[in-house]
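Report on the structure given below.
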Amino acid sequence: MQVSIANDTKLYNLSYGKSVPEWLSSRQRRELSKKNLDYRRRIQLIQNFEMPDVANCMSISKDRRYIFAAGTYKPFLKCYDVEQMSEKFARGIDEEIIKILNLTDDFQKFVLLEQQRWVEMHYPRGRYFRLRIPKYGRDMGFINERSELVISASGDEVYRLNLEQGEFLEPYRLQGGSGTALAVAEWHQLMSVGTTEGTVECWDHRDKSRAGVLELRQGLADEIRGTSAVTALTFRDPLCFGVGTASGHVLLYDIRSSRPLLVKDSQNELPIRRIEFVRREEDDLVLSMDNRALKIWEERNGRAVTAIEPEAPINDFVRYPDSGLIFMAAESSKMLQYFAPLLGPAPKWCSFLEAITEELEESEKTAVYDDYKFVTEAQLDELGLKHLIGSPLLRAYMHGYFIDIRLYNKAKTKAQPFAFDNYKKRKITEAVENEREAGAVGVKLRKVEPRVKFNKELAEKLTSDASALQSKKKVVKEKALAASELLGDDRFTKLFESEDFQVDESSEVFQRMAAWMKKRDEIKRGRKDEPSDVEEDEESDHEPQTDYMAGASDDDASNDGRALQNGNDDEGDEEDAESSDEEDDDQQQEREQQKKAEMNRKKREAEARRLSQLREEQEAKKANRPTKFKLYSLEPGEGTDRFVKGMGAEDEKTINMAKRRATLKKEGALLQVEEAPFGGRSVTFTTTVKTNEPRRVDQKLEEHKKERKEVRRAATKLSRALDRKHGAWRKQK
Numbered sequence: 001m002q003v004s005i006a007n008d009t010k011l012y013n014l015s016y017g018k019s020v021p022e023w024l025s026s027r028q029r030r031e032l033s034k035k036n037l038d039y040r041r042r043i044q045l046i047q048n049f050e051m052p053d054v055a056n057c058m059s060i061s062k063d064r065r066y067i068f069a070a071g072t073y074k075p076f077l078k079c080y081d082v083e084q085m086s087e088k089f090a091r092g093i094d095e096e097i098i099k100i101l102n103l104t105d106d107f108q109k110f111v112l113l114e115q116q117r118w119v120e121m122h123y124p125r126g127r128y129f130r131l132r133i134p135k136y137g138r139d140m141g142f143i144n145e146r147s148e149l150v151i152s153a154s155g156d157e158v159y160r161l162n163l164e165q166g167e168f169l170e171p172y173r174l175q176g177g178s179g180t181a182l183a184v185a186e187w188h189q190l191m192s193v194g195t196t197e198g199t200v201e202c203w204d205h206r207d208k209s210r211a212g213v214l215e216l217r218q219g220l221a222d223e224i225r226g227t228s229a230v231t232a233l234t235f236r237d238p239l240c241f242g243v244g245t246a247s248g249h250v251l252l253y254d255i256r257s258s259r260p261l262l263v264k265d266s267q268n269e270l271p272i273r274r275i276e277f278v279r280r281e282e283d284d285l286v287l288s289m290d291n292r293a294l295k296i297w298e299e300r301n302g303r304a305v306t307a308i309e310p311e312a313p314i315n316d317f318v319r320y321p322d323s324g325l326i327f328m329a330a331e332s333s334k335m336l337q338y339f340a341p342l343l344g345p346a347p348k349w350c351s352f353l354e355a356i357t358e359e360l361e362e363s364e365k366t367a368v369y370d371d372y373k374f375v376t377e378a379q380l381d382e383l384g385l386k387h388l389i390g391s392p393l394l395r396a397y398m399h400g401y402f403i404d405i406r407l408y409n410k411a412k413t414k415a416q417p418f419a420f421d422n423y424k425k426r427k428i429t430e431a432v433e434n435e436r437e438a439g440a441v442g443v444k445l446r447k448v449e450p451r452v453k454f455n456k457e458l459a460e461k462l463t464s465d466a467s468a469l470q471s472k473k474k475v476v477k478e479k480a481l482a483a484s485e486l487l488g489d490d491r492f493t494k495l496f497e498s499e500d501f502q503v504d505e506s507s508e509v510f511q512r513m514a515a516w517m518k519k520r521d522e523i524k525r526g527r528k529d530e531p532s533d534v535e536e537d538e539e540s541d542h543e544p545q546t547d548y549m550a551g552a553s554d555d556d557a558s559n560d561g562r563a564l565q566n567g568n569d570d571e572g573d574e575e576d577a578e579s580s581d582e583e584d585d586d587q588q589q590e591r592e593q594q595k596k597a598e599m600n601r602k603k604r605e606a607e608a609r610r611l612s613q614l615r616e617e618q619e620a621k622k623a624n625r626p627t628k629f630k631l632y633s634l635e636p637g638e639g640t641d642r643f644v645k646g647m648g649a650e651d652e653k654t655i656n657m658a659k660r661r662a663t664l665k666k667e668g669a670l671l672q673v674e675e676a677p678f679g680g681r682s683v684t685f686t687t688t689v690k691t692n693e694p695r696r697v698d699q700k701l702e703e704h705k706k707e708r709k710e711v712r713r714a715a716t717k718l719s720r721a722l723d724r725k726h727g728a729w730r731k732q733k
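Read in order, the letters of the sequence shown are residues 1 to 733 in UniProt numbering.
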């Protein structure tokens with residue numbers, strides 16, 4: 001048994017440990033229990049609670065005695081008796097099972113929805129009947145009042161099979177999309193069907209009409225864009241039900257309202273496979289499952305309580321009624337078993353779990369997260385482990401991830417090989433400096449101010465701000481008071497003594513914050529020409545002063561001159577100083593208004609130029625638009641190249657055969673057929689090259705023809721020679 005603690009909630013993994021091979025004899029098992037401590041401590045709640053390869057779906061009978069499980073490969077159906085804690089029967093199935101539906105309170109009658117459009121009905125002896133539906137089934141339910149089996153399929157129809165009459169009835173037709181999830185309320189027998197278009201349609205079997213349509217788009221408008229298919233449906237009571245979507249959201253609805261009571265995001269972006277409600281005295285809980293985790297959260301406010309994240313992906317789960325025992329069908333041969341005391345007590349047939357958990361609570365056990373390190377995404381990027389996000393090595397939690405402490409130490413050692421040496425040297429230096437400051441042993445020294453070793457610029461700025469405590473301006477005085485309190489507080493001494501608190505002014509974060517602070521100060525002063533980044537701010541400090549700044553500097557110079565002339569007098573009247581400040585403020589406001597008016601004028605001129613340019617482009621398009629079209633007839637095989645080269649010019653490739661023969665005949669390049677003296681015809685032709693000069697006869701070709709005529713001999717001589725050879729051959733034979 002493995003114990004994990006999350007949010008002060010304990011979870012007991014009853015299926016933890018290695019599985020034992022089936023071929024081991026009882027003697028070998030006893031020897032293994034003596035040698036292996038983990039095998040001796042493991043808990044086998046139900047015997048042979050596993051599948052050949054993968055478990056697909058599970059179900060519990062209404063009398064709470066039998067557990068049905070389906071898996072592959074090969075497709076299997078198994079039934080377990082919890083009172084005997086063993087397997088009751090197992091059957092081989094032709095196709096993989098999608099869902100198991102119990103028709104009776106025990107194991108006597110049940111229906112299987114399979115792949116490849118098959119539906120099978122079973123009774124104690126085996127398969128009773130097998131039929132096929134027109135389209136692939138996705139979910140099914142049973143209406144007790146009419147004894148109807150309803151099946152949602154990949155089309156826009158919900159098939160109805162009356163088991164009493166043994167025939168199909170007219171199906172329900174959905175408004176949009178195909179059916180996905182289906183649920184029948186056991187209180188009022190209202191059937192709800194989810195669709196791929198993100199709607200839930202409710203049907204009343206009494207008048208065979210649609211009772212209403214619920215669109216999830218309104219509830220998910222703030223979460224996602226567009227629509228999301230419905231993947232899970234479950235009724236909590238006659239009025240409330242839960243809807244799971246393919247985007248990983250769970251919506252809780254009241255059938256009397258179209259607005260959701262609560263929207264919960266699972267944060268995994270995986271389709272919700274199943275939803276279940278847990279009624280408690282304090283507050284109700286909701287269990288929502290996707291392929292990665294089973295999450296438990298409060299129904300009232302959506303606060304997360306705990307989560308179960310096995311190593312293998314999850315396909316289905318069932319909770320034993322009125323207890324904290326959970327069975328899971330996962331992508332592994334072993335079907336998982338968990339016990340959560342938060343959900344309820346242990347069932348009567350395994351009440352010994354209570355005693356085991358009490359013993360474990362008395363003895364101190366190491367929690368699962370004691371061997372893990374919590375890191376943020378920025379820390380993962382520093383360690384070079386950001387590519388592991390989404391893998392089983394990282395477990396998402398709050399704003400970061402849990403990582404194995406061994407992997408974290410290895411990555412940190414590779415990323416910072418000299419971190420420990422630097423830390424050791426820094427500690428030794430601090431100890432030596434403390435000994436030097438202490439002086440003689442046993443003599444108490446008075447408390448001295450911390451020496452500034454790091455962040456000197458920050459210390460100088462705070463000191464200058466703290467020196468303005470005597471100022472009469474309220475803002476300056478408050479700033480000076482805050483700076484003096486920070487310098488005198490013992491909690492901030494390490495800010496100027498320790499290297500760990502050194503401010504890196506070259507970092508991107510510091511530059512962004514500095515630019516933002518400067519923009520905020522400029523907005524407070526009423527200036528609108530805000531720089532975009534820190535570099536522009538630094539460049540603007542070295543630029544020549546504008547007229548406005550020059551005027552301000554002249555005013556300051558005049559004020560300084562007046563102050564120097566009256567240097568031997570008293571400090572001056574406070575009222576005169578206040579009046580001069582008011583005059584400066586009025587002048588500054590006038591300059592700002594003029595500057596604002598100038599900026600508005602420039603904007604209007606730019607907009608006028610843009611509109612005039614747009615009008616000119618539209619007029620040019622209208623002028624270039626063709627007024628009429630001229631049609632040309634093309635002969636077979638003729639292309640459109642001549643229209644590109646020039647109107648009326650015919651390309652040589654597009655000329656028909658008659659014109660081509662006439663042209664070749666004029667040029668003397670037409671094919672000439674001559675009778676050959678020895679059994680056939682010879683065809684001679686000449687290739688012509690189009691040039692502007694007249695065609696010239698090749699002298700070498702003429703000489704070659706003459707030579708061939710001289711060498712040519714008659715065919716009669718050859719035939720006589722052949723006859724003589726043939727007669728000699730006959731005589732020899």
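Heads up, the beta-carbon is just placed ideally off N, CA and C, and yes, glycines get one too.
All of these numbers come straight from a predicted model, not from anything done at the bench.
By the criterion of a C-beta distance shorter than 7 Å, Phe496 is surrounded in its chain by Pro450, Val452, Lys453, Phe454, Asn455, Ala459, once the five residues flanking it on both sides are discounted. Cys57 is bridged by DSSP to Ala70. A residue is called buried when at least 16 other Cβ atoms come within 10 angstroms of its Cβ; Asn102 meets this threshold and is buried. The segment 215 to 225 makes no contact with the segment 175 to 191, as fewer than three CB pairs between them are under 8 Å.
Of the residues Arg300, Lys334, Phe339, Arg273, the one whose Cα lies closest to the Cα of Arg319 is Phe339. In the same chain as Glu269, and ignoring 5 residues on each side of it, the C-beta atoms closer than 6 Å to its own belong to Gly248, in chain order. The residue among Lys700, Glu167, Arg661, Lys10 with its C-alpha nearest the C-alpha of Leu325 is Lys10.
Put simply, of Ser61, Val111, Thr357 the residue whose alpha carbon is nearest the alpha carbon of Tyr12 is Thr357.
For Glu282, there is no enclosing alpha helix (DSSP H), as DSSP gives it neither H nor E.
Taken in chain order, the whole beta strand (DSSP E) runs of length 3 or more contained in the UniProt domain "Nucleolar protein 10-like second" (368 to 415) are 372 to 375, 394 to 397, 400 to 404.
In this chain, the alpha helix (DSSP H) harbouring Ala514 covers 508 to 525. Rounded to whole angstroms, the gap between the alpha carbons of Arg160 and Ser152 is 9 Å. By the beta-carbon neighbour count (other beta carbons within 10 angstroms, threshold 16), Gln337 is buried. Ile389 sits exposed, since fewer than 16 C-beta atoms from the chains shown fall within 10 Å of its C-beta. The DSSP-derived three-state label of Asp254 is strand. Taken through DSSP and simplified to helix, strand or coil, Ser209 comes out as strand. Looking from the CA of Arg273, the closest CA among Pro260, Asn56, Trp349 belongs to Asn56. Ile100 places its beta carbon 8 Å or farther from that of Gln115. Distance from the CA of Glu499 to the CA of Met58, rounded to the nearest whole angstrom, comes to 59 Å. Leu469 and Lys424 have their alpha carbons spaced roughly 42 Å apart.
The three-state reading of DSSP puts Val475 in helix, counting H, G and I together. Straight-line measurement puts the Cα of Val476 at about 18 Å from the Cα of Ile523. DSSP places Thr493 outside both helix and strand once states are collapsed to three, so it counts as coil.
Of the other Cβ atoms in all chains shown, 16 or more fall within 10 Å of the Cβ of Gly179; this residue is therefore buried. For Val452, the three-state secondary structure derived from DSSP is coil.
When secondary structure is reduced to three states using DSSP, His249 falls in the strand class.
Within the DSSP secondary-structure output, Asp204 pairs in a beta bridge with Ser209. Here Lys109 carries a coil assignment [DSSP, helix/strand/coil]. Around the beta carbon of Lys78, 16 or more other beta carbons sit within 10 angstroms, so the residue counts as buried. Taking C-beta atoms as the reference points, Asp290 and Pro271 count as a pair closer than 8 Å. Taking Leu174 as the centre and dropping the five residues before and after it, the same chain places the C-beta of Asp156, Glu157, Val158, Val193, Thr195, Glu201 closer than 8 Å to its C-beta, in chain order. For Leu701, the enclosing alpha helix (DSSP H) begins and ends at 699 to 711. In the structure shown, the three-state DSSP call for Gln28 is helix. Excluding its 5 nearest sequence neighbours in each direction, Leu163 has C-beta neighbours in its own chain below 7 Å: Ser147, Leu149, listed in chain order.
Residue state for Thr663 is assigned as helix, using DSSP reduced to three classes.
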